[in-house]
Amino acid sequence: MRSHLLNDTTAEQYRRSVTEGVERVAARIATTDRPFTGVTVDALAPRIDGIDLDRPLHDTAAVLDELEDVYLRDAVYFHHPRYLAHLNCPVVIPAVLGEAVLSAVNSSLDTWDQSAGGTLIERKLIDWTCARIGLGPAADGVFTSGGTQSNLQALLLAREEAKTENLADLRVFASEVSHFSVRKSAKLLGLGPDAVVSVPVDHDKRMQTVALARELERCAKDGLFPMAVVATGGTTDFGSIDPLPEIAGLCERYGVWMHVDAAYGCGLLASLKYRDRIDGIERADSVTVDYHKSFFQPVSSSAVLVRDAATLRHATYHAEYLNPRRMVQERIPNQVDKSLQTTRRFDALKLWMTLRVMGADGIGALFDEVCDLAAEAWKLLAADPRFDVVVEPSLSTLVFRHIPAAVTDPAEIDRANLYARKALFASGDAVVAGTKVAGRHYLKFTLLNPETTTADIATVLDLIAGHAEQYLGDSLDRAS
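When you read off a place in the sequence shown, starting at 1, and then add 509, the result is the number in this note's numbering.
In structure tokens form, the structure reads like this:
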């Protein structure tokens, strides 16, 4: 079995195996004509359950044939222009190359003696991102597994910086459409069930600063401690961007940690046209960015950044077998000193390769394209009497629903939209997401593919309307 270990004697076998795998994936991508096959759980599960993992095939080609049957053929392909559902982007080739390199070398980014240049590359990218944000010369950060972990770490730092030891008195303020990880983080950090204060949003789904000021004032009057305000730079459902300058002013007035969850909107940091939409982010104490959303990177690639590097000490623990304290005096850079994780992939290499091949302007131009596309799609929806669209996009998300001409019952309209989404997914012709607005079911386009066109969107809208009308027609037939 040593023949399967990657080393100097098996380098040629490694080359052949990886090339064979890449050719299979390339062939599948080249011939994929829709984002999904429509396979069901009931159809796919028996094929996977029937595989005996204790009986290996002992042949790479045979394993790839099997993988074609249980995964590649029926995968959901984000690169397809009619995948319009979640915050999943098509990936750029330099980043995929970086993925191949980092997997083979397999550096671990916890300590210098496991990564060497990998540590310095990650630190360089952290510095680059902090400079793009404008956090200042004392800024720092670390790569994470994703926005949820980044938000958790940011709120951990905020908790430790708070001026009270009574966790029950701490309050976190976030808009009513903020990411669920804010509440999840509060629970993981041991805060009380009332710790997260939901702040109302305006018509454009942006946090109302008047309401935030009122809640901060109430917090002070009640003898509670405002731990953090979480402003969102691109909400998951609407792509809305909270009024960051005004929120920063309130945080400064009340002495509150300001965290900006820019997991989605971080693409604006590279934008050639829309950078001003995220102005005020430079005043944050901490920022979440997900390169695997709007920088077109493979999962996972995220980071948490802080204005004051000293605050990262709250995540620092020393172990003699890993990162003893003496290494700090010896100026040996260990990233585990900043991270909630210990073993960590060299995910930074993907962004490094992307910047070195394409440049930041290349990334920004791609993100600008999807923002422009969303603006055009909004015009289509706003002009189409078959649909109700919620807000004009700030980024690349559209929330809408089909409104049948002959139906007025809101519950029946809900069911028609739910059916349309399900039927569309089952057909494999397109993939869209769903959410609720004011208790009603809506559909959602998350546009992150520059290859998607307005013609694609018009076609998908016709498909949605067709499925919804079919459901309503069948419903009337059943009722009669």
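Backbone N, C-alpha and C fix where the C-beta goes; we use that ideal spot for every residue, glycine too.
For residue i, the three-state DSSP class (helix, strand or coil)
| i | result |
| --- | --- |
| V900 | coil |
| T549 | coil |
| G948 | coil |
| I787 | helix |
| A812 | strand |
| V651 | strand |
| V705 | strand |
| I841 | coil |
| C775 | helix |
| K782 | coil |
| N516 | coil |
| S612 | helix |
| P919 | helix |
| A967 | helix |
| P565 | coil |
| V600 | coil |
| V572 | helix |
Spatially closest choice to residue i from the options, by CA coordinates
| i | options | result |
| --- | --- | --- |
| S694 | A722, L721, A677 and L665 | L665 |
| R854 | L698, F954 and F652 | F652 |
| S631 | D794, S905, V866 and K847 | Strictly speaking, residue 631 in this sequence is Glu, with Ser absent from that position. Nearest C-alpha to E631: K847. |
| D619 | A539, T628, A613 and L611 | T628 |
| A891 | V879, L904, E878 and F909 | F909 |
| T906 | C760, A935 and V879 | V879 |
| A869 | V614, L781 and L759 | L781 |
| T745 | N597, V708 and A947 | N597 |
| Y800 | Q838, E674, Y523 and A604 | A604 |
| P754 | F747, H950 and R762 | R762 |
| T820 | S936, A947 and G650 | G650 |
| L676 | S690, G701 and L697 | G701 |
| A729 | K672, L698 and F587 | K672 |
| Q623 | T851, H588 and A539 | T851 |
| V798 | R533, E529 and T657 | T657 |
| D923 | K945, R840, E670 and I756 | K945 |
| R949 | N958, A935, T961 and E921 | E921 |
| K714 | I750, F734 and T917 | I750 |
| Y592 | A824, S936 and V941 | V941 |
CB of residue i within 7 angstroms of CB of residue j, strictly
| i | j | result |
| --- | --- | --- |
| S811 | G655 | yes |
| Q662 | L849 | yes |
| H911 | R895 | yes |
| V548 | D583 | yes |
| Y980 | A939 | no |
| G774 | L904 | yes |
| G776 | F876 | yes |
| L927 | H976 | no |
| V796 | V765 | no |
| V706 | E724 | yes |
| V813 | S687 | no |
| V900 | F747 | yes |
| V815 | M736 | no |
| W637 | N843 | no |
Residues that residue i bridges to, as DSSP identifies them
| i | result |
| --- | --- |
| Y592 | V940 |
| R680 | P735 |
| M716 | V710 |
| V769 | A740 and V796 |
| T955 | T906 |
| H911 | F896 |
| I557 | Answer by DSSP bridge pairing: none, since I557 is not bridged. |
| I635 | In DSSP, I635 forms no bridge with anything. |
| I750 | G742 |
Whole-Å CB distance - residue i paired with residue j, under 8 angstroms assumed
| i | j | result |
| --- | --- | --- |
| A704 | L679 | 6 angstroms |
| H595 | T955 | 6 angstroms |
| L858 | V610 | 6 angstroms |
| P544 | V585 | 6 angstroms |
| C639 | A648 | 4 angstroms |
| R533 | E577 | 7 angstroms |
Proximity test, Cβ basis, 7 angstroms: residue i and chain B
| i | result |
| --- | --- |
| V899 | Reference to chain B is not applicable here, since this structure consists of a single protein chain. |
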